[in-house]
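Colleague:
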Amino acid sequence: MVSKRALNMPASPIRRLVPYADEAKRKGIHVYHLNIGQPDLETPKEWYEYIEKFKTKVVAYTHSQGILPLREKFSEYYKKWNINVSPDEIMVTNGGSEAIMFALGVVCDPGDEVIVVEPFYANYAGFAAYLNIKLVPVSTTPENGYRMPEKEAFEKVISSKTKAILFSNPSNPTGVVYSKDELQTIVEVAKENNLVIISDEVYREFAFDNKKSISAFEFEEIHNNLIIVDSISKRYSACGARIGTFITKNKDFYNAAMKFAQARLSPAEITQYGAIGLLNSSEEYMKNAIAEYEKRRDVAYEEIKKIPGVVAHKPEGAFYLSAKLPVDNAEEFIKWMLLNFNVDGKTTMVAPLSGFYATPNAGLSEIRIAYVLSAEKIKDAINILAKGIKEFK
Ligand SMILES: Cc1ncc(COP(=O)(O)O)c(C=O)c1O
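Anchor point for the sequence shown: position 230 equals 617 in my numbering, and the numbering is continuous, going up by one each time.
Right under this line is the structure:
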């Protein structure tokens, strides 16, 4: 009775192992969750103030493209990032997730192909399965720090069905922030082969060591072939708000996405008001958030690189670190950590990276750590991981 599409839908590699964590918790073990990108920092207070202020008598639908004051606010915010888009080039979506679905739906027909830089944000595979789109990977490796592949790697996999290149920058899961030259590679490939760039920039703020992440928008020559996916989830610790944006200067893309947007009627009304509050929050809030993640990144990297046999490069952004462990099968190791290992009643859960690859059997020894706990907890959690690796081997 169930469709092939549904059967083919991959289970989230992050959520798949949750029953094992539940089992550990039933036994009274404390689990450090470094497996999921749920930030723990407080949401700015402006969120609550704005929701209070815009209390309405009726909880109504809004315009399908989102309320104008929010799109105006986004337009102002993007200008600070050299992304010059008017409110009519911004569509409010139910999280960046819906913006990704819209982007893929606008650009691809069933059977079309999209090139992804792997390892990639695992839910891209879910969206692709839902839309009958084939993800074609271009691989990066832990040994070269998961840097962007050369132009030839892209050219090799382009077929008559290729429609787009999809990637996140800063990257989930690797924490790489692409340089101007690396982005230039993608821009050239897209331009020469008339492909669309879908640039997922939801971690824009989180670039460390005083670096700034560069938007694909900075390449003017690609504006007509560019869709930017964005979200307030991570930057303001507001994942439950479900507010993202679909941004494009290409009117055909925008109008096509509008039809999808109209079919789902509108984003949630109240959280759009809350999002205006977030965009009015202080620069201080963001500075502190970036500093906090940078501190955690330092601790996570210092601790992980002490483990013999681990291959890891220092992440430059987002709040993730990917690493190759000296184990054959990281997923088995993670299960074992949850079911069979603890230090003083505590264990650590990370995400297996294999689910972030489209290439079969790639990334089997790799994991992703989300540094969404305090520095002290991260240190303890990675020490437990280190002891676990020693015993597992
Ligand atoms: C790279 C990337 N894009 C998009 C999303 C989607 O987030 P949301 O739908 O909460 O905006 C996430 C969430 O983890 C992500 O990591």
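Glycine residues also receive a C-beta, built at the ideal position from the N, C-alpha and C atoms.
Being a predicted model, the structure only gives us computed values, none of them experimental.
1. Determine the direct distance from the alpha carbon of residue 629 to that of residue 485, and round the result to whole angstroms.
2. Can you tell me which residues form a DSSP beta bridge with residue 481?
3. Kindly list the residues whose CB is nearer than 6 Å to the CB of residue 666, restricted to its own chain and excluding five residues on each side of it in sequence; keep chain order.
4. Closer than 7 Å to a non-hydrogen atom of ligand 1 - does that hold for the CB of residue 784?
5. Note down, one range per segment and in chain order, each beta strand (DSSP E) of at least 3 residues found wholly within the region 499 to 523.
6. What are the partner residues of residue 753, as DSSP defines its beta bridges?
7. With DSSP as the reference, please indicate the residues paired to residue 699 in a beta bridge.
8. Flag residue 750 as yes when its Cβ comes closer than 7 Å to any non-hydrogen atom of ligand 1, and as no otherwise.
9. Going by CA-CA distance only, name the one from 694, 626, 475, 596 that's closest to residue 661.
10. For residue 764, count neighbouring C-beta atoms within 10 Å of its own C-beta (all shown protein chains included) and say buried if the count is 16 or more, exposed if not.
11. For residue 733, tell me which candidate among 725, 740, 739 has the shortest Cα-Cα distance.
12. Tell me which residue opens and which closes the alpha helix (DSSP H) that residue 768 is part of.
13. Report the three-state DSSP secondary structure of residue 658 (helix, strand or coil).
14. Quick one: grab the DSSP three-state call for residue 664.
15. With contact counted as at least three CB pairs below 8 Å, one residue from each stretch, are the region 612 to 627 and the region 579 to 595 in contact?
16. On the CB-based measure, 16 or more other CB atoms within 10 Å of its CB, does residue 498 come out buried or exposed?
17. Quick one: is residue 717 buried, meaning 16 or more other Cβ sit within 10 Å of its Cβ, or exposed?
18. To which residues of the same chain is residue 707 closer than 8 Å at the C-beta, ignoring the five residues directly before and after it?
19. Relative to the C-alpha of residue 543, which residue among 390, 441, 553, 524 is closest?
20. Can you tell me the Cα-Cα spacing of residue 576 and residue 551, whole angstroms?
21. Have a look at residue 679 and residue 556 and give me their C-alpha separation to the nearest angstrom.
22. Could you give the residue range of the alpha helix (DSSP H) that holds residue 648?
23. How would you call residue 435, buried or exposed, if buried means at least 16 neighbouring beta carbons within 10 angstroms?
24. Between which two residues does the alpha helix (DSSP H) carrying residue 574 extend?
25. Output the distance between the C-alpha atoms of residue 445 and residue 418, rounded to the nearest integer angstrom.
26. Roughly how many angstroms separate the alpha carbons of residue 773 and residue 624, rounded to a whole number?
27. Leaving out five residues on either side along the sequence, give the residues of the same chain with a beta carbon under 7 Å from the beta carbon of residue 673.
28. Residue 451: which of 549, 462, 442, 479 sits nearest, CA to CA?
29. Quick one: Cα of residue 771 to Cα of residue 723, how far?
30. Starting from residue 726, trace the alpha helix (DSSP H) both ways and give me its first and last residue.
31. Check whether the Cβ of residue 487 lies closer than 7 Å to any heavy atom of ligand 2, and answer yes or no.
32. Are the Cβ atoms of residue 400 and residue 742 separated by less than 8 Å?
33. Short of 6 Å in beta carbon distance, which residues of its chain neighbour residue 448, apart from the five on each side in sequence? Order them along the chain.
34. Output the boundary residues of the alpha helix (DSSP H) element that contains residue 405.
35. Output the boundary residues of the alpha helix (DSSP H) element that contains residue 691.
Modeller: The structure says:
1. 9 Å
2. 630
3. 460, 464
4. Nothing can be reported for residue 784, as the shown portion of the chain is limited to 388 through 780.
5. 500 to 505
6. 711
7. 710
8. no
9. 626
10. buried
11. 725
12. 762 to 779
13. helix
14. helix
15. yes
16. exposed
17. buried
18. 424, 558, 559, 560, 561, 562, 755, 756, 757, 758
19. 524
20. 10 Å
21. 20 Å
22. 638 to 650
23. exposed
24. 567 to 579
25. 42 Å
26. 29 Å
27. 592
28. 479
29. 13 Å
30. 717 to 727
31. No copy of ligand 2 appears in this structure; the ligands present are ligand 1.
32. yes
33. 652, 653
34. 405 to 413
35. 670 to 692
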